[in-house]
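First comes the structure, then the notes that go with it.
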Amino acid sequence: MTPRTAAALSGLLRGKNAVNLAPEQVPKLLATRASPVRVEDGVCLRDPPGARYPLDEIPRRDAAVGANRVLFDYARRGMVPEVLDQFSVARRGGVLVDSATLSCVLKACRSMPDRVLGEQLHCLCVKCGHDRGEVSAGTSLVDMYMKCGSVCEGIEVFEGMPKKNVVTWTSLLTGCAHAQMHSEVMALFFRMRAEGIWPNPFTFASVLSAVASQGALDLGQRVHAQSVKFGCRSSVFVCNSLMNMYAKCGLVEDAKSVFNWMETRDMVSWNTLMAGLQLNECELEALQLFHESRATMGKMTQSTYATVIKLCANLKQLALARQLHSCVLKHGFHLTGNVMTALADAYSKCGELADALNIFSMTTGSRNVVSWTAIISGCIQNGDIPLAVVLFSRMREDRVMPNEFTYSAMLKASLSILPPQIHAQVIKTNYQHIPSVGTALLASYSKFGSTEDALSIFKMIEQKDVVAWSAMLSCHAQAGDCEGATYLFNKMAIQGIKPNEFTISSVIDACACPSAGVDQGRQFHAISIKYRYHDAICVSSALVSMYSRKGNIDSAQIVFERQTDRDLVSWNSMISGYAQHGYSMKAIETFRQMEASGIQMDGVTFLAVIMGCTHNGLVVEGQQYFDSMVRDHKINPTMEHYACMVDLYSRAGKLDETMSLIRDMPFPAGAMVWRTLLGACRVHKNVELGKFSADKLLSLEPHDSSTYVLLSNIYAAAGKWKERDEVRKLMDYRKVKKEAGCSWIQIKNKVHSFIAFDKSHPMSDQIYKKLKVIITRLKQDGYSPNTSFVLHDIAEDQKEAMLVAHSERLALAFGLIATPPGTPLQIVKNLRVCGDCHMVMKMVSMIEDREIIMRDCSRFHHFNGGACSCGDFWNLQLHWTAKEMNKLMRKHLQKLNFTAPVRSRFEYQHIMVVVLIPVEFLRWVIIILLGGASSWVISLNLKECTEGADMMVLIASAAVLQFAVALFIKVFFFA
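Taking this note's numbering, the leading residue of the sequence shown gets 25, the next gets one more, and so forth.
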């Protein structure tokens with residue numbers, strides 16, 4: 025439409041000069057087609073002069089009808105500018121405007137869409153009185169406003185219409201569905217039925233689209249029944265809408281049933297079912313359906329290519345993607361934007377970023393925000409973050425505005441500088457309130473430990489969905505904030521948001537942190553059962569990890585054994601749990617089961633199994649797994665793997681092999697490696713190597729207090745008090761504060777914490793009295809404090825006093841006071857437990873007949889019946905005599921009198937095999953040696969006295985002497 029024509033049309037719509045036009049001014053070409061004049065052959069009706077050619081011979085008295093025919097012909101052929109030109113000419117010629125003419129022009133205005141022109145036409149309708157009289161004009165107005173995005177105006181016109189037909193209702197329903205007003209669509213549909221209007225297939229298609237967007241299966245089934253009732257079941261596009269609805273509601277089989285029932289299918293039917301299968305992760309079925317569609321439908325559309333190429337991207341089918349690329353070029357779809365975008369996405373997901381960039385460079389004329397987002401996401405997925413940043417900047421230079429998907433993709437990049445910059449862009453473009461962008465922002469901030477920033481983003485999200493809640497819970501879990509996660513979950517429940525499996529798994533992860541209560545994880549386990557998510561693989565894996573990290577390895581094993589499907593996280597959690605609890609053989613057995621199941625292992629798997637070997641001194645096995653990881657599985661060792669191998673060698677005292685391993689590392693040893701070696705030097709009292717390790721460690725982390733403490737302990741154990749004091753002075757000079765030892769225990773959902781010599785607890789007097797009673801009883805049973813663990817140059821009695829007041833002993837005494845007899849106790853300590861406290865825990869577990877689970881900074885210790893799951897490995901030294909051990913074991917085995925449960929009896933039988941057999945062997949060795957010595961003395965006396973002594977006196981003397989020796993051995997060694 026020319027500018028002059030547009031200006032004239034605008035003036036006509038406003039009524040200017042409309043009354044001054046005389047009928048004689050109407051051009052000759054405006055005539056009616058209701059004439060016997062025949063259209064000659066060769067006339068092109070797509071050409072405006074050709075379309076008007078037959079009208080030149082039509083009488084002028086039918087000018088209005090003829091003008092309408094021309095308008096209808098132009099509108100039917102999609103020639104919108106010609107429709108508006110012809111309408112302008114007709115108005116200039118004084119042709120009367122009827123409702124049919126306005127409906128035709130409104131449809132042209134709707135397809136542009138041009139809201140301003142539509143409002144002018146609305147004014148003309150009101151002026152001519154067609155807005156309330158004719159249904160067709162009102163319906164066209166409603167449809168025009170809906171297509172222009174003016175939903176409120178469309179509803180206002182609809183409510184003002186005195187008469188409405190099914191087309192009017194369908195136009196309103198379609199507009200509301202496109203505007204995402206899904207609840208209003210259903211309300212209008214039921215109102216339409218209440219007013220007695222029979223829906224048509226287009227009505228059902230619109231309503232089913234709204235139901236699919238909501239995922240409201242119940243409503244969708246009701247609408248399906250209505251479509252059958254009104255005879256629309258055989259309509260192709262109603263069936264297509266039904267398949268879309270069922271697929272989006274997760275009922276793939278129902279969608280397939282609708283497809284199989286269809287007598288007639290178009291390409292949209294095949295595409296809809298393929299897209300539904302892809303949506304429900306049935307990619308292989310969708311691919312099979314694609315092959316069937318090729319044999320049935322023949323030539324494919326661009327939508328088909330786009331859907332199938334997305335399948336190739338999800339299945340990582342690079343070869344098929346290349347074949348489809350060839351078909352796209354062959355059939356001329358290489359200029360279609362959505363097809364080329366799907367190809368670029370498929371290549372990037374298959375790891376062919378160069379091919380994806382080549383395709384993107386070829387689509388210079390059809391680039392939009394979708395194609396830019398796809399290539400940026402491809403760069404991030406393939407690890408090329410700098411290129412993604414460059415493309416994001418170039419996208420903005422090309423005046424393509426990012427959308428929520430672009431921002432979400434950029435926020436997945438692991439660059440700490442990006443979140444604040446992207447956040448600024450999000451605020452500038454007013455996307456911060458959209459749930460997907462807000463969720464990506466808070467996930468990005470939480471990835472870098474900015475919990476407060478993530479929480480502020482979460483509060484800004486206006487309509488929080490379950491994904492946003494889950495992301496915030498995951499942020500609390502990463503920060504180890506169980507209290508915050510529990511509060512947020514309760515708030516979510518109050519607001520009526522139903523959790524999904526990812527929500528449950530996130531809050532269970534938060535319950536695995538050290539500060540969480542013992543029973544909180546069990547409560548959320550019960551909640552997962554209530555919502556029937558306990559069998560979801562992410563929830564069950566989180567449960568295995570939570571139980572193993574909270575000291576309940578038996579419950580972790582039960583959950584693991586009940587899993588029908590196991591992923592990599594499940595196997596790694598179970599192997600790591602066994603390793604942390606000292607069950608190295610179970611860790612190795614689980615590793616072999618995982619290997620037999622065909623699960624692809626990663627570095628975490630080997631780290632866990634090597635850790636299990638480390639905690640039990642299995643040097644050969646640990647070395648074999650390390651070599652297998654590099655040789656067979658092609659996994660490059662990380663700093664954590666080398667630190668674990670250093671721990672393995674140094675625990676076993678192989679310090680030379682340890683230094684050889686450190687020298688052969690492909691990268692410089694980090695603080696973790698040197699700290700591990702320094703701890704080994706403390707145990708093995710290697711002062712020179714310890715000083716060397718400490719120097720390396722201080723050059724990397726000069727403000728880490730553990731380095732100074734370990735080095736000073738090495739000097740103190742070697743008796744070098746001067747060097748120890750120098751290390752302490754260096755700590756004071758550098759203002760390094762030693763981390764205080766702290767232990768805590770949970771009693772009745774309340775956590776009680778203790779430090780050494782702590783008297784702040786309300787039951788402090790009772791705790792110290794109980795502790796005194798315990799130590800007295802242990803000393804009666806043969807306990808002797810090992811003061812070598814007190815690395816201070818003080819008197820022995822002061823060392824004993826310091827040992828008694830250790831924080832873990834205070835927590836143990838409080839647990840014995842505050843819980844009924846036989847209740848298991850679980851204690852957590854932030855530092856490594858000392859050897860003397862370890863001995864006390866073992867003896868108390870036998871005397872009190874309790875299971876004591878203790879978690880220190882290194883591992884778990886399960887004390888039960890006088891034994892520990894760690895097997896006294898690493899830095900725990902026993903100083904019991906055979907007499908003490910024998911006396912204590914016999915006393916408590918007699919107390920049991922074989923009336924304990926079968927499990928306990930087996931435990932004590934195991935202890936008898938491990939402890940009593942060496943004791944009995946030692947006793948007989950002593951008896952034989954002493955008896956042999958006495959016999960030797962008697963034989964000498966016999967030799968000297970045989971000449972003059974009486975033989976009977978000599979034999980009696982030997983017997984008395986041997987009896988005295990045996991009595992001495994019995995009383996003083998094995999009472």
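Glycine included, C-beta positions come from ideal geometry on N, C-alpha and C.
Chain-order list of residues whose beta-carbon lies under 8 Å from that of residue i (same chain, five-residue window excluded)
| i | result |
| --- | --- |
| L196 | V166, M170, G178, I179, F182 and L212 |
| L377 | Y371, G402, C403, N406 and D408 |
| V363 | Q326, Y329, A330, I333, V352 and F357 |
| N304 | A271, G274 and V276 |
| V711 | C705, I738, Y739, A742 and K744 |
| A437 | I404, I409, A412 and V413 |
| G504 | A534, C537, P538 and S539 |
| V175 | Y169, G199, C200, A203 and M205 |
Cβ neighbours of residue i in the same chain (closer than 6 Å, five flanking residues each side left out)
| i | result |
| --- | --- |
| G694 | M663 |
| D278 | Y270 |
| N921 | Because N921 sits at a pLDDT of 41, beneath the cut-off of 50, its placement in the model cannot be relied upon, and the following sentence gives the value as read from the coordinates. Cβ neighbours of N921 beyond the five flanking positions: none. |
| H885 | M878, C892 and C894 |
| M185 | G162 |
| N427 | V393 |
Per-residue DSSP class, three states only, for residue i
| i | result |
| --- | --- |
| K866 | helix |
| L435 | coil |
| A32 | Its pLDDT being 36, under 50, A32 is placed unreliably by the model, and the measurement read from it follows with that caveat. Note: A32 maps to helix in three-state DSSP. |
| S222 | The amino acid at residue 222 is misidentified as Ser; the sequence shows Trp. Coil. |
| S569 | helix |
| S259 | coil |
| N576 | coil |
| M878 | strand |
| N295 | helix |
| I659 | coil |
| I458 | coil |
| L855 | coil |
| H885 | strand |
| R752 | helix |
| F778 | strand |
| I582 | helix |
| C894 | coil |
Buried versus exposed call for residue i [16 or more other C-beta atoms within 10 Å across all chains shown]
| i | result |
| --- | --- |
| I82 | With a pLDDT of only 48 at I82, under the threshold of 50, the placement of this residue in the model should not be trusted; the figure read from the coordinates follows. Looking at its Cβ environment, which holds 16 or more other Cβ atoms inside 10 Å, I82 is buried. |
| T397 | buried |
| Y757 | exposed |
| G520 | exposed |
| G239 | exposed |
| Y511 | exposed |
| T800 | exposed |
| N268 | buried |
| T847 | exposed |
| W768 | buried |
Residue i and residue j closer than 8 Å at C-beta
| i | j | result |
| --- | --- | --- |
| C535 | C562 | no |
| V583 | S552 | no |
| S608 | N640 | yes |
| L702 | L734 | yes |
| L466 | C499 | yes |
| R752 | A740 | no |
| L672 | G646 | yes |
| A837 | I876 | no |
| A829 | A780 | yes |
| N773 | G541 | yes |
| N189 | V159 | yes |
| Q604 | R391 | no |
7 Å Cβ shell around residue i - same chain, five flanking residues per side excluded
| i | result |
| --- | --- |
| L642 | S608 |
| K610 | Y602 |
Quiz item: Where in the stretch 464-512 do unbroken runs of the alpha helix (DSSP H), each at least 4 residues long, occur, reported from the N-terminal end onward?
Solution: 475-484 and 490-502
Quiz item: Which ranges does the alpha helix (DSSP H) cover as unbroken runs of at least 4 residues, wholly within the stretch 157-205, from first to last along the chain?
Solution: 159-171, 175-184 and 190-202
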